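Undergrad: Under the UniProt record's numbering, the final residue of the sequence shown carries the number 252; numbering is consecutive throughout. We put the beta carbon where it would ideally sit given N, CA and C, even for glycine. None of the values given here were measured: they were computed from a predicted structure.
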Amino acid sequence: MSDAERITTPQGRELAYHKTGGAGDTRPGVVFLGGFKSDMQGTKAIFLESWCAGLGLPFLRFDYSGHGESSGAFLDGCIGDWAEDAEFAISELTTGPQILVGSSMGGWISLLMARRLADRVAGLVTIAAAPDFTEDSMWAGFDKAQRLALEMVQQVSLPSDYGEPYVITRRLIEDGRDHLVLRDPVPLGFPVRLLHGTADTDVAMSVALRLLDKAVGEDIHLRFVKGADHRFSTPECLSLIGSAIEEVLARQ
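1) Report all residues from its chain with a CB closer than 8 Å to the CB of residue 229; omit the five preceding and five following residues, and keep chain order.
2) In terms of residues, what are the limits of the beta strand (DSSP E) holding residue 36?
3) Roughly how many angstroms separate the alpha carbons of residue 135 and residue 182, rounded to a whole number?
4) State buried or exposed for residue 152, treating a residue as buried only when at least 16 other CB atoms are found within 10 Å of its CB.
5) Nearest CA to the CA of residue 2: which residue from 216, 41, 164 and 155?
6) Could you check which residue in 118, 203, 90 and 240 has the C-alpha nearest to that of residue 161?
7) Alpha carbons only, please: which of 210, 251, 121 and 124 is nearest the one belonging to residue 133?
8) Any idea if residue 157 is buried or exposed, counting beta-carbon neighbours within 10 angstroms, 16 or more meaning buried?
9) In this structure, how does DSSP classify residue 203 when only helix, strand and coil are distinguished?
10) I'd like to know whether the C-beta atoms of residue 261 and residue 113 end up nearer to each other than 9 Å.
11) Just to confirm, does residue 5 get its C-beta within under 8 Å of one of the non-hydrogen atoms of the ligand MN?
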């Protein structure tokens, strides 16, 4: 696999990325937006790179700052920083309309991009989207001791099914409140496909239903996949992601 290329944001953060070209036609490109503490080497990102190459579609995957091969420490980051990273990467590394594929936290980031880069977004596919999770899942689930720890030592540790515990900082929680998207209607004037597994223990199905309720648009579909977990990375699930992108492409 080739080495990642790098680009520096106006804030001085160095982002690592991989970009593959398309066939030079007028079809949109595809941008993958990863999840919380994940990176661009994950199963879904690599699958999509190959899948897009097979169709001759431009494709971009990158690491937010503090993730993967990009600069910075994860604990120093927050939703606002990672949204800035995504906005810069899309603006500087792609041309024309793009289909955003957002996984977990990337679903939240993709909704922020739909607001900031509305003229560049041709469609949206989310996978176990987790909008507003810092407030509605983390903060809402903290007990008094955990909230006190955030106040006193600025961070708290949460167990993770994916390795070492998540260290959640006070900055992450407070910054998240400045970027909440589900408190008001969410205008999505392009094809949207929301994918969610019924066995997802990280993001409840109620989150997908709430997003569907808040989303405003003429072509928005939610699909629950029985038995699929949060990773949504089985061959069957990956095929469904590809099919969802094809549906969005067909409606351009």
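TA: On the basis of the data shown:
1) 197, 199, 200 and 201
2) From DSSP, residue 36 is part of no beta strand (DSSP E); its letter is neither H nor E.
3) 11 Å
4) exposed
5) 41
6) The shortest CA-to-CA distance from residue 161 to any of 118, 203, 90 and 240 is the one to 203.
7) 210
8) Exposed, by the Cβ-count rule.
9) coil
10) In the structure as shown, the chain begins at 1 and stops at 252. Residue 261 is therefore absent and cannot be evaluated.
11) This structure lacks the ligand MN; in fact it carries no ligand of any kind.
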